[in-house]
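Worksheet for the structure shown next.
Numbering (mature numbering (1 follows the signal peptide of the UniProt record, and there is no 0)), first residue to last: -19 to -1, 1 to 604.
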C-alpha cells in the first residue's frame, strides 16, 4: 500500500470514496455457523522435512472475514505457526513425523466449529524452498522468495491454480504480484523450479486471497487494500474498535470518537498493559516482540511516555515505510525492525519502499548511519542467510524508529494537551492546533527556521517525487555542502516537511542521550556503483545535533515531548560533533577520533562480529 507521506493532514473537501473491485456484501448479514457446516482442509498434508507448506481451513458456506480463527498444534515436534489466528496454516515442519493441528472457527454469535488435520512428513530434507505461504487481502501486494543453501540456476516461476496474475521475477529468486479481486476466498498456487548443483528441484507455494468488503472510507490513505489486522489482545476493551478505527478500508467519515478510541495517555502516563490494549497486528509475533521490547528494553520509560500521544499502534506485514497519521492519531510500524527469527521475517512483504527511485537524476547523495565506538550500531542481516537476532541486536533500529514516529505523535498532541481534549474525535483536537499553526514543529520553524531554499527544493525531489529542474540536476556535492552545512537541519530529510525537521532532531538527540549512539550524516558523490568504498565524502559530521547553532531548537523538542527530562542538561552533555575526512570514502570515515581509518572497534578485538553480517546498505532519508 503506498502512503505518500509520513505525516498526512486531511483536507476533507478534496476527498471522495471509491468502490472495491468485487461485489462484496457487508458483514452483518453473514449466516451463522450451523450444525450442517464443516471444515474442509485444502492444501498440502504430505511434505518433506523443512518444506514450507500451507493448509487452508475452509469453512462451508462462510467467508473468512466473518469468522475468527485459532490454530493449535495437538501433536508432533513443535513448529512455528506463521499466523495462528487466520484461516491459512503456514508451517515448515522441522523433522519427519506426523503433525496434528486443530482449527477452531468462531462466528460473531459465538458458535464454534472445530476439526483436526494430520500432516505427514517424511523423506529427504527440502532445501529448495519458497517461504512463506501467505494470506493476503484482495488487491494487496504479495512477495515470494526462493531459498536454497547453494546458488540455483534456470529458475522458473509458473502459476498452477487460481485467477491469473502477472509475476514480476526481475530478480529470479523473488516473485512479486498484486493479488486479484475475488468474489469469494480463493487459493492461488505457484510452482518454482530450478537446478542446484546439477540436480532438478521444485517447490509449490500457495497464497490465499481473501474476499473483503467494498472500500467505503472517504479517506484516500485507506482507499487501497490493506492487510487484515486484529487486536493483539483479544480481551482488550478496545478490540472491536481498533479493527475498524485505525487500519481499515471501512474507516468511518469523521473518524471514531474519543469515547470509542481514546488517546492511550488520556488519563495519565500509560502502563504497559494500557499500551498493549491498543496494539493492532497482522501476525501475533509482532505484538509479542513489541511487548517484550517495551517491557525489557525501554528501561528509561521514554517510549512508554511518548506512546501516550497515540490512539493505537498498528504493526502489519504490508506497512512500508513506517508512518504516523494525524487522522487516527496512530503510528504504523514496518515489522522489519521487529523480527527475531527467519520464520517471523518470512511473513513480511518485501515490496520496496515506493520512494526508492525518487531523485535518481541528482548528482549527489546525502547518506546517514548510526554509530557507536567507531562502528555501526547495528548491522545488516541478508535474508538469504536466514539468520536469527536478539532483542539487543534490534534495539538501535527499533528505538530510533520509535523515537522518530512518536515525535510526530507528540508534535500533534504533546503531553500538555492530553488532559484537555474535547473531541468528538482526536482529529478534531489535532485540527484546531494545526489550523492555528500551534504544533510544536510550527513553533520551532518560527523560532529557529531553516533558511536554505536550495535544500528545500532538493528535498521535494528526493523524498516527495517532484521532478528535478536542470539547475538541481547540475548541483555537485560541494554545492550541496555549501547549502546544508551553514543551516540548522540535522539531516537532508528535515527539509521534506517541518514535521520531519522536528522528528529528526528528537530522534538523534535521544539516541545519543540514551544509548551513546551517534548519527553520521554526509554529502557525497553518486557513483554508478554505490558502495561504502566508492562513495566519497565531500563533507560530513558525526553527532551534528550537538552543534552550538542547533542545540536550542533540539532542546525545544525534549521540553515539549518529554517534559520530565532536563533538556538543557541533556543537550549540553552531548559530545561535540566530529568532522569527517573530506576526500575519503564513506567506509574509511567510519573510524574517527584517532582510530586508524578502516579499523573499527570490532576489528580491534573489543567484540566478535558474526562474519555473515554485513554493513547496512547506504541510506538516505528515514528507514
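Just so you know, even glycine gets a beta-carbon here, dropped at the ideal spot from N, CA and C.
Asked, Found
"Three CB pairs or more closer than 8 Å across the stretch 120 to 132 and the stretch 157 to 172", "yes"
"CA-to-CA distance, residue 101 to residue 74, given in whole angstroms", "9 Å"
"Any beta strand (DSSP E) of 3 or more consecutive residues that is wholly inside the stretch 410 to 453", "none"
"Beta-carbon proximity of residue 314 to residue 370, cut-off 8 Å", "no"
"Residue 153 - DSSP class collapsed to helix/strand/coil", "coil"
"Bridge-paired residues (DSSP) for residue 259", "Residue 259 is not bridged to any residue."
"With 16 other Cβ atoms within 10 Å as the buried cut-off, status of residue 430", "exposed"
"Helix, strand or coil at residue 641 according to DSSP, with G and I counted as helix", "Residue 641 is absent from the model: the chain starts at -19 and stops at 604."
"Whole-number beta carbon distance between residue 504 and residue 347, since they are thought to touch under 8 Å", "6 Å"
"Neighbourhood of residue 454 by C-beta distance below 8 Å, restricted to the same chain and skipping five residues each side", "342, 343, 344"
"Rounded straight-line distance, which links the Cα of residue 311 to that of residue 451", "39 Å"
"Burial state of residue 133 (16 or more Cβ within 10 Å)", "buried"
"Rounded C-alpha distance that separates residue 551 from residue 494", "7 Å"
"Distance, residue 89 Cα to residue 47 Cα", "7 Å"
"Integer Cβ distance of residue 536 from residue 549, believed to fall under 8 Å", "6 Å"
"Selected residue, minimal CA-CA separation from residue 279, among 516, 372, 230, 331", "372"
"Buried/exposed call for residue 510, threshold 16 Cβ in 10 Å", "exposed"
"Same chain, Cβ closer than 7 Å to residue 469, neighbours up to 5 away in sequence not counted", "429, 431, 530, 531, 534"
"With 16 other Cβ atoms within 10 Å as the buried cut-off, status of residue 569", "buried"
"Beta-carbon separation (whole angstroms), residue 274 vs residue 384, contact threshold 8 Å", "That pair is no contact at about 13 Å."
"Local Cβ density within 10 Å of residue 136, reported as buried at 16 or more and exposed below that", "buried"
"Selected residue, minimal CA-CA separation from residue 518, among 545, 562, 524", "562"
"Assigned exposure category for residue 601 - 16 Cβ within 10 Å defines buried", "buried"
"Contact check, residue 319 vs residue 271, beta carbons under 8 Å", "yes"
"Cβ pair count under 8 Å reaching 3, the stretch 456 to 470 against the stretch 403 to 423", "no"
"Exposure label - residue 127; buried when at least 16 CB within 10 Å", "buried"
"The stretch 162 to 180 in contact with the stretch 137 to 148 per 3-pair CB rule at 8 Å", "yes"
"Residue 440, buried or exposed, once every other Cβ within 10 Å from all chains shown has been counted against 16", "buried"
"Top-ranked residue by Cα proximity to residue 598, from 186, 350, 53, 188", "350"
"Own chain partners of residue 210 with C-beta closer than 7 Å, once the 5 adjacent residues on each side are dropped", "224, 228, 261, 262, 263, 295, 297"
"CA-to-CA distance, residue 389 to residue 421, given in whole angstroms", "9 Å"
"Test item: CB-CB of residue 479 and residue 416 under 8 Å", "no"
"Three-state secondary structure assigned by DSSP to residue -19", "Low confidence applies to residue -19: its pLDDT is 41, below 50, so where it sits in the model is not reliable, and the reading given next is rough at best. Of the three classes helix, strand and coil, the one that applies to residue -19 here is coil, per DSSP."
"Residue 176 versus residue 182: straight-line alpha-carbon distance, rounded", "6 Å"
"Sequence-distant residues of the same chain with beta carbon closer than 7 Å to residue 8, five excluded per side", "With a pLDDT of only 46 at residue 8, under the threshold of 50, the placement of this residue in the model should not be trusted, and no figure is reported."
"DSSP-derived helix/strand/coil call for residue 110", "strand"
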